[in-house]
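Down below is the structure, laid out as structure tokens.
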Amino acid sequence: MHELAIAQSIVDIVEERATACNAAHVSSVHLKIGEASGIVADSLIFSLEMLTSLDSILAGAQLRIDVAPHRARCRSCNKEFHIINFVAQCPTCQEWSDEIISGVELQILEMEIETL
Amino acid sequence: MPKVTIAQNILAANDSIAEEIQQSLTERGIRTINMMSSPGAGKTTLLEQTVKRLREKAGIAVIEGDIETSADAERMEAAGAETVQINTRGACHLEAHMIRDALTQIDLSSINLLIIENIGNLVCPSAWNLGEDCRVVIVSTTEGDDKPAKYPQMFAASQIMIVNKLDLLLYVDYDVEKVKRQALAINPHLRIFEVSCRTGLGLDAWCEWLLTFATHPIEDAISIGRGAI
Numbered sequence: 005m006h007e008l009a010i011a012q013s014i015v016d017i018v019e020e021r022a023t024a025c026n027a028a029h030v031s032s033v034h035l036k037i038g039e040a041s042g043i044v045a046d047s048l049i050f051s052l053e054m055l056t057s058l059d060s061i062l063a064g065a066q067l068r069i070d071v072a073p074h075r076a077r078c079r080s081c082n083k084e085f086h087i088i089n090f091v092a093q094c095p096t097c098q099e100w101s102d103e104i105i106s107g108v109e110l111q112i113l114e115m116e117i118e119t120l
Numbered sequence: 025m026p027k028v029t030i031a032q033n034i035l036a037a038n039d040s041i042a043e044e045i046q047q048s049l050t051e052r053g054i055r056t057i058n059m060m061s062s063p064g065a066g067k068t069t070l071l072e073q074t075v076k077r078l079r080e081k082a083g084i085a086v087i088e089g090d091i092e093t094s095a096d097a098e099r100m101e102a103a104g105a106e107t108v109q110i111n112t113r114g115a116c117h118l119e120a121h122m123i124r125d126a127l128t129q130i131d132l133s134s135i136n137l138l139i140i141e142n143i144g145n146l147v148c149p150s151a152w153n154l155g156e157d158c159r160v161v162i163v164s165t166t167e168g169d170d171k172p173a174k175y176p177q178m179f180a181a182s183q184i185m186i187v188n189k190l191d192l193l194l195y196v197d198y199d200v201e202k203v204k205r206q207a208l209a210i211n212p213h214l215r216i217f218e219v220s221c222r223t224g225l226g227l228d229a230w231c232e233w234l235l236t237f238a239t240h241p242i243e244d245a246i247s248i249g250r251g252a253i
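What follows is the structure in structure tokens.
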């Protein structure tokens with residue numbers, strides 16, 4: 005949801021950081037988006053491509069999105085497992101876990117810049 | 025081409041304001057609840073009933089979130105709570121900066137419980153921290169008994185679920201046990217209340233819990249909010 009607003013936040017953050025390091029241009033942006041974050045990667049790419057095409061410092065920037073799987077660690081048997089449909093039940097010992105180890109991220113990891 | 029590490033959460037700006045809000049309210053001994061549901065599940069009516077029952081026992085302020093109109097704020101004022109209405113004019117969820125602005129209009133020295141009624145929406149509000157100590161999701165018997173599985177993020181992110189409109193069970197195909205099972209499969213710590221705002225069924229238990237939450241020392245209140253007590 006709100007991929008366009010999220011894309012605008014990404015553009016704002018990257019622009020601010022790029023300006024801070026005197027970058028002439030940002031050539032790529034690397035994101036991590038959790039599969040349970042509520043953000044759909046394809047929609048986000050679509051929105052980002054549209055916004056960056058209008059932006060001088062980000063125009064043409066390559067977008068890399070790592071989609072983080074929704075995973076938990078079982079507190080009983082310590083096994084890590086993939087959460088299906090938000091039901092965080094350990095397939096090994098059937099206990100429920102609230103230790104979510106990945107899948108809800110909305111992060112900008114890094115960018116590549118061209119300096120003057 | 026040089027790589028620059030950013031390592032920033034995209035919603036950091038909202039989270040930072042939410043944290044400030046939570047700290048500031050906690051310092052004043054104020055506990056905060058964020059009430060969410062789809063439109064028409066009964067948030068405002070439940071709040072009306074709650075405020076009427078608790079206004080002598082707790083200082084309650086309400087922040088009402090709606091896209092348009094001040095109808096809900098008028099109802100809350102009439103029920104006896106100091107109320108601020110936020111009209112988002114289009115935004116489908118409340119954000120922390122809106123709460124920060126609304127708080128400047130409330131006399132915080134006179135309250136120990138702040139209730140935020142979010143925009144009617146079972147999707148977006150769950151992603152936006154408002155500085156609350158406890159999140160309540162309301163479902164009703166006229167909405168179909170499969171909503172937790174269909175909207176898992178909302179139920180995963182909440183501490184309390186209220187099943188409302190129990191008085192209508194005779195007229196709808198709604199399996200309350202199924203809703204509870206689905207919700208608990210997603211969030212085993214969910215504390216569940218079953219109520220009817222029309223008949224008053226279950227409202228005593230809900231209000232008693234809320235009063236405990238509002239009047240316990242703040243550290244306990246947060247644990248209570250998280251279902252640990």
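As you go down the protein sequences, you meet chains A and B in turn.
Heads up: the first sequence begins at 5 in our numbering, then just goes up one per residue.
Heads up: the second sequence begins at 25 in our numbering, then just goes up one per residue.
Just so you know, even glycine gets a beta-carbon here, dropped at the ideal spot from N, CA and C.
Would Lys189(B) pass as a contact of Thr166(B) if the rule is Cβ separation under 7 Å? yes
Can you tell me which of the three DSSP states Val163(B) falls into? strand
Quick one: what does DSSP say Phe90(A) is sitting in, helix, strand or coil? coil
N-terminal and C-terminal residue of the alpha helix (DSSP H) that Ser40(B) is part of: 36-51
According to DSSP, is His29(A) part of a helix, a strand, or is it coil? strand
Using the three-state DSSP reduction, which class does Lys27(B) fall into: helix, strand or coil? strand
With 8 Å as the C-beta to C-beta threshold (strictly closer), list the residues of the stretch 6-21 of chain A near chain B in chain order. His6, Ile10, Ser13, Ile14, Ile17, Val18, Arg21
Three-state class that DSSP yields for Val86(B) in the structure shown: strand
Do Ser164(B) and Ala82(B) have their beta-carbon atoms positioned less than 7 Å apart in this structure? no
Using a C-beta cutoff of 7 Å, does Glu118(A) count as contacting chain B? yes
Label Lys67(B) either buried or exposed according to how many other C-beta atoms from any shown protein chain fall within 10 Å of its C-beta, with 16 as the threshold for buried. buried
What does Cys25(A) reach in chain B if we use C-beta pairs closer than 7 Å? Val28
Reference Val161(B); option with closest CA among Asp131(B), Glu119(B), Asn211(B): Asn211(B)
Since Ser61(B) sits in a beta bridge, which residues does DSSP pair it with? Ile162(B)
Please list, in chain order, the chain B residues whose beta carbon lies closer than 7 Å to that of Glu114(A). Lys27, Val28, Thr29, Ile30
Proximity below 7 Å, CB of Val71(A) to CB of Ile37(A): yes
Express the C-alpha separation of Gly224(B) and Ile45(B) in angstroms, rounding to a whole number. 33 Å
Can Asn153(B) and Asp39(B) be called in contact, C-beta distance under 7 Å? yes
Straight-line CA distance for Leu227(B) to Cys25(A)? 57 Å
Could you work out which residues of chain B lie near Gly38(A), taking near to mean beta carbons separated by less than 8 Å? Per Cβ cutoff of 8 Å: no residues; Gly38(A) is ~11 Å from chain B at best.
For Met185(B), collect the residues of the same chain with a Cβ closer than 6 Å to its Cβ; drop the 5 residues on either side in sequence, then sort them by chain order. Val161, Ala207, Leu214, Ile216
Three or more beta-carbon pairs under 8 Å between the stretch 98-105 of chain A and the stretch 63-78 of chain A, yes or no? yes
Whole beta strand (DSSP E) elements within the stretch 94-177 of chain B, 3-residue minimum: 106-111, 137-141, 158-164
By Cβ distance, which residues of its chain are closer than 6 Å to Asp169(B), with the 5 residues on each side in sequence left out? Tyr198, Asp199, Lys202, Val203
Going by DSSP, what residue range makes up the beta strand (DSSP E) through Ser106(A)? 104-106
Would Gln183(B) count as contacting chain A if we go by Cβ distances under 7 Å? no
At least one CB of chain D closer than 7 Å to the CB of Cys231(B): is that the case? As a matter of chain content, chain D is missing from the structure shown, whose protein chains are A and B.
Determine the extent of the alpha helix (DSSP H) in which Ala22(A) is found, giving its start and end residues. 7-24
What residues from chain B crowd round Phe50(A), counting only those whose CB sits closer than 9 Å? By Cβ distance, chain B contributes nothing, its closest Cβ being about 16 Å from Phe50(A), past 9 Å.
Tell me the rounded alpha-carbon separation between Ala252(B) and Phe237(B). Any reading at Ala252(B) must be qualified, since the residue scores a pLDDT of 43, below 50, and its modelled position is unreliable; the value itself is stated next. Cα to Cα, the separation comes out at about 12 Å.
Start and end of the beta strand (DSSP E) containing Arg79(A)? Where Arg79(A) is concerned, there is no enclosing beta strand (DSSP E), given that its DSSP letter is neither H nor E.
Assuming Ile14(A) contacts Ile117(A) (C-beta within less than 8 Å), just tell me the rounded distance between them. No, Ile14(A) and Ile117(A) are not in contact; Cβ-Cβ is about 15 Å, not under 8 Å.
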